[in-house]
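J.: Under the working numbering, the first residue of the sequence shown carries the number 670, and numbering increases by one thereafter.
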Amino acid sequence: MEGRSTLALVVESDKVVLLDTTTALGELDWKTYPVNGWDAITEMDEQNRPIHTFQVCHVMEPNQNNWLRSGWIQRQAAQRVYVELRFTLRDCNSIPWVSGTCKETFNLFYLQTDEPLSAATRFRPTDYAKVDTIAADESFTQTDLGDRVLRLNTEVREVGPVTQKGFYLAFQDVGACIALVSVKVFYKRCPSTLRNLAAFPDTVPHMDSSSLVEVRGACVENAEERDTPKLYCGADGDWLVPLGRCVCSIGHEETDGYCRACKPGFFKAYAGNTKCSKCPLRSSSHDQAATICHCDKGFYRAIKDPSTMACTRPPSPPRNLVSLINDTALFLQWMPPSDTGGRKDITYNILCQRCDGGDGDGVVTQCEPCDPDLRFIPRPLGITGTSVAILDFAMQANYTFHVEAVNGVSGLGVAARSLANVTVNTHQAGPALVGVVRKDWSSQNSIALSWSEVEQPPSDFVDYEVKYYEKEQEQLSYSSTRTKTPSVVVTGLRPSTVYVFHVRARTAAGYTAYSPNFEFATAAEDIADQGQVLVVVTASVGGFSLLVILTLFLLITGRCQGYIKARMKSEEKRRTRFHSGHVPFSGIKTYVDPDTYEDPTQAVEEFAKEIDPSYICIERVIGAGEFGEVCSGRLRIPGRMAIAVAIKTLKGGYMEQQRRDFLREASIMGQFNNPNIIRLEGVVTKSKLFICLSVCVFMHIDLPVMIVVEYMENGALDSFLRTRDGQFTVLQLVGMMRGIAVGMTYLSEMGYVHRDLAARNILVDENLVCKVSDFGMSRVLEDDTEAAYTATGGKIPIRWTAPEAIAYGKFSSSSDVWSYGIVMWEVMSYGERPYWEMSNQDVILSIEEGYRLPAPMGCPVTLHQLMLHCWQKESNQRPRFNDVLSFLDKLIINPSSLLALVNDVQSFPDSPEDMPDYPLFISIGDWLDSIKMSQYKNNFLAAGYTTLDSISTMSIDDIRRIGVCLIGHQRRIISSIQSLRLQLHHIQQSGFQV
């Protein structure tokens, strides 16, 4: 076995070092080929540590090929490794008499193996894969040598992916003067960390630098999950925004990222990230990790009392209880207890006993509960006030009333009841002198009553008192009238209402007891009278309302006209620039470019609704955008059903310009309202975000700027179609195109130019509705002669962009129509890449020469003709979006027009001018080279296809039969054959032969 690396691993915070020649002890035992090529020099530094340097400088001799190979390096957990080289390199011009073979670069290679190579293994340079050619940023000269000032270069290169257990590094010199000072090999990782009380282990990023590694965390000790804690490890060893979290269990609080037990005298009753609380008043805890503080003796907590509430006790009795009796009622009044027990939920209960019978001295001998007919106003139990009225009591009786004060802890423990007592005697009233009360007659507003008298009324009789009130409003509020005869007419009553009447007599000695209750009703209201009254009232109210409305209308009209004029003047100032495709239809509002605002944040405030961040629940990360993560979640606005949304976030550390660029898209989307345009729900610009987990537990995260849009379940149209190749009917695909055309018609009528219309920027919902999105490219072009103009959102997409926009930066609704034709081609080819592997420059040149994309396999002739119409070179010859929409509607109404496929085309345009000018190729090989299918040259030749004419009749079955198995390759070849058919037909009709 050859030299295995025996270096110990050095672990740094975000990387693991597999090799570092500056820390190696002893000889490195690296190999040189040939032996006299590289020189290994080992010196000792001031700390007596070895310094390993490798040098080569055979610049005077031609044809140098010197190799230096490291020992075997175990990759450990790495999937991609990084090599950091520190070296010096001499300038060839500073070396006298040097030949023309002097170089100023060297090459880095690597070789993967599962085991170290044996010593007998021959060194073969062809086994090694090249990583890169290394050049120096700074070289040194002879003067530098004299001054002993060498210019040290540092270069880092990525090696990988590495899949075997280890690898070798090799350095090739081809004639340079180099000193390799140090070599450091490491791989990146996301270091172990604690986030939201969850521990995440060291994690190595995926081999694919564009994908994230999802890592589940484990809650720290004495913590519990609120939702699965997750972090995403990025390719650069950075942890992304965490999802989920853990919280400290009961009896524990968060301290320095861990959950510590509450100290004695403190407690925590609920799991969460709050601190332990000091024991409330009149309670204590004596152990650590207390979940509740126990009440002191004589104090209590009610069942519904929170554990944070102080312990309390029952109240003392009510104070100063007094009674008052008059002709009709008995009143009890008292004052609140002097000690409420520390609570505010004081109520009172009235307990009643009737004590009858006694000796001549008035001593009560027997008591029993009061008669149930006794009425308490407002009620006998649970009184919140400090008084009560008692009705229908018996005359010449003794009552004892107990008023009890209670609170939430009354009845707990052995505390005595808090009672206050009072005894009331009702002997002051004489016997009743009224018999049965009768109703003689009644009307809507009055009742005539009469009653019988006792046979011999007392000589000191004065009069009668009639007391009455509405039955539905039993309360102390009542009315009364007096009469000297045993009859009365009570007036001023309400129609169709039941009244309760009591009658009692008055003598010189005072009032007698009331008669029993008698209930009588007034007559119903006459319907005819009601109608007359209603007509009069309605007419009066209607006339008055009309007068008010006319007055307000005149006032408001005048004010509105003034306001509208002022508003239009203000809008005119702002609307100085906008993209105009064609004149907007009447009734369609005009798009306002946010860049015309002096302060772009005003555009956001005007066109985008600010959302309270507590309404947003982020559930998971679904991707990464230019400015930050893209997440899915739910929007829960009070009073509305929760909806699924996508949330674009602006990552931390942004500059103000980045924030403006990020929110610019929201100020654009906020102006649109169309079912085929992605709907903006709103923005969050002023608050912190509340991340909502699956159980909707909230936590703060500093992502202060967000754009919230509706969630499209099926994602981007191109990837959606690629994963469902061949699963839709042509009519369904046309329906998708129609939805896009509806959205683009709306945009063009507003005077808005999209500029980045492509299938990747069309989103698809669960009902296959396609909606236009991604408005980042849409802004006024600056002067720039470069074809790949860099705009907000990325470079101009050459494959989707019209020629005049590429060449001159002339974007319009017509250039969007060109892009729409490309989107049609993408839909019919199920997401295939336009122009396949052709370079951008080849695409530009081919379009200038007249080449247009051939129809995808299975594409109806009518749709390909529409595509070609969209790809007219002159922009004014292209259809408008409303023309496209009208054409698609006709196809949908008449599906038979979609039956004729380009594969089976039998008819051709009448004149060559109607045909695109496709390039021709002189051989099968040239043709296959042009479509990047040169690997099938032998297949075609072996099957006897040697001329363009011979392949023009091939079908998809013929393509399969000669050995083309991949569906994508089949589609590309047959599409090109269809194009050739049209070219050959054009040429033959012109009188030429191929």
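Cβ atoms here follow ideal geometry from the backbone N, Cα and C, with glycine treated the same way.
1. Based on Cα-Cα distance, which residue from Phe836, Ile1465, Arg864 and Pro785 lies nearest to valine 800?
2. So, does the region 895-906 touch the region 923-933, judging by three or more C-beta pairs under 8 Å?
3. Figure out for me which residue from Gly1297, Gly1500, Ala1471 and Val1159 has the closest Cα to the Cα of leucine 1514.
4. Run through the DSSP bridge pairs and tell me what arginine 1048 is partnered with.
5. Check each candidate in Asp689, Asn762 and Val882 and name the one with the smallest Cα separation from alanine 845.
6. Which residue marks the beginning of the beta strand (DSSP E) containing tryptophan 1003, and which one marks its end?
7. For glycine 1404, which of helix, strand or coil comes out of DSSP?
8. Opposite glycine 706 in the DSSP bridges: which residues?
9. On the premise that serine 1121 lies in contact with valine 1105, defined as a C-beta separation below 8 Å, what is that separation, rounded to the nearest angstrom?
10. Thinking C-alpha only, which one of Val831, Val825, Val843 and Asp796 is nearest methionine 729?
11. Indicate the three-state DSSP secondary structure (helix, strand or coil) for valine 825 in the structure shown.
12. In whole angstroms, give me the CA-to-CA distance for lysine 1317 and valine 1299.
13. Might you give, ordered along the chain, the residues of its own chain that have their beta carbon closer than 7 Å to the beta carbon of glutamate 1240, omitting 5 neighbours on each side?
14. Alpha carbon to alpha carbon, what distance is there between serine 1442 and lysine 1479?
15. Between the Cα of glutamate 807 and the Cα atoms of Arg759, Arg826 and Phe775, which residue gives the shortest distance?
16. Measuring straight from C-alpha to C-alpha, what distance separates glutamine 1035 and valine 1159?
17. Please state the DSSP three-state secondary structure of glycine 1632.
18. Taking 7 Å as the limit between beta carbons, can you name the residues of its chain near tryptophan 1494, skipping five residues before and five after?
19. Check the DSSP bridge columns for tyrosine 1137 and list the partner residues they point to.
20. By how many angstroms is the C-alpha of leucine 780 removed from the C-alpha of leucine 838?
21. Just checking my contact of glutamine 1327 with phenylalanine 1276 at CB under 8 Å: how many whole Å lie between their CB atoms?
22. Assign glutamate 1473 to one of three DSSP states: helix, strand, or coil.
23. Between glycine 1500 and leucine 1432, how many whole angstroms is the CB-CB distance? I'm expecting something under 8 Å.
24. Would you grab the beta carbon distance between leucine 1319 and valine 1374 for me? Rounded to a whole angstrom, and I think it's under 8 Å.
25. From the DSSP output, in three-state form, read off alanine 789 for me.
26. Leaving aside the five residues before and after valine 685 along the sequence, list all residues of the same chain whose C-beta is less than 7 Å from its C-beta, in chain order.
27. Would DSSP call glutamate 1267 helix, strand or coil?
28. Would arginine 1151 and aspartate 1132 be called neighbours here (beta carbons separated by less than 7 Å)?
29. If you draw a straight line from the alpha carbon of proline 1185 to that of histidine 1171, how long is it in whole angstroms?
30. Taking only three categories from DSSP, how would you classify tryptophan 1487?
31. In or out: alanine 1085 buried (at least 16 other Cβ within 10 Å) or exposed?
32. If we require 3 or more residues per run, which beta strand (DSSP E) segments fall completely within the region 825-863?
33. Are the beta-carbon atoms belonging to aspartate 708 and glutamine 724 less than 7 Å from one another?
34. Who are the near neighbours of glycine 1161 in its chain, counting only those whose CB is closer than 7 Å to its CB and skipping five residues on each side?
35. Going along the chain, which unbroken runs of the beta strand (DSSP E) with 3 or more residues stay wholly within the region 917-961?
36. Does DSSP put cysteine 980 in a helix, a strand or coil?
T.: This is what the structure gives:
1. Phe836
2. no
3. When each option's Cα is compared against that of leucine 1514, the closest is Ala1471.
4. Paired residues: none, contrary to the question.
5. Nearest Cα to alanine 845 within the set Asp689, Asn762 and Val882: Asn762.
6. 999-1004
7. helix
8. None, per the DSSP bridge assignment.
9. 6 Å
10. Val843
11. strand
12. Rounded to whole angstroms, lysine 1317 to valine 1299 spans 5 Å at the Cα level.
13. Note that glutamate 1240 scores a pLDDT of 44, beneath 50, so its modelled location is shaky and nothing firm can be said.
14. 21 Å
15. The residue among Arg759, Arg826 and Phe775 with its C-alpha nearest the C-alpha of glutamate 807 is Arg759.
16. 43 Å
17. coil
18. Pro1503, Leu1522, Pro1525 and Met1536
19. Ser1148 and Phe1170
20. 7 Å
21. Actually they are not in contact, since the Cβ atoms of glutamine 1327 and phenylalanine 1276 sit about 20 Å apart, beyond 8 Å.
22. In this structure, glutamate 1473 counts as helix in the three-state DSSP scheme.
23. About 14 Å; that fails the 8 Å criterion.
24. 4 Å
25. coil
26. If the five residues before and after valine 685 are omitted, its C-beta is found closer than 7 Å to the C-beta atoms of Leu678, Gln745, Phe855, Tyr856 and Arg858, all from its own chain and listed in chain order.
27. coil
28. Yes, they are a contact pair.
29. 6 Å
30. Correct three-state label for tryptophan 1487: helix.
31. exposed
32. 835-842 and 846-857
33. In contact: aspartate 708 and glutamine 724 (Cβ atoms closer than 7 Å).
34. Asn1114
35. 921-924 and 927-930
36. Three-state DSSP puts cysteine 980 in coil, outside helix and strand.
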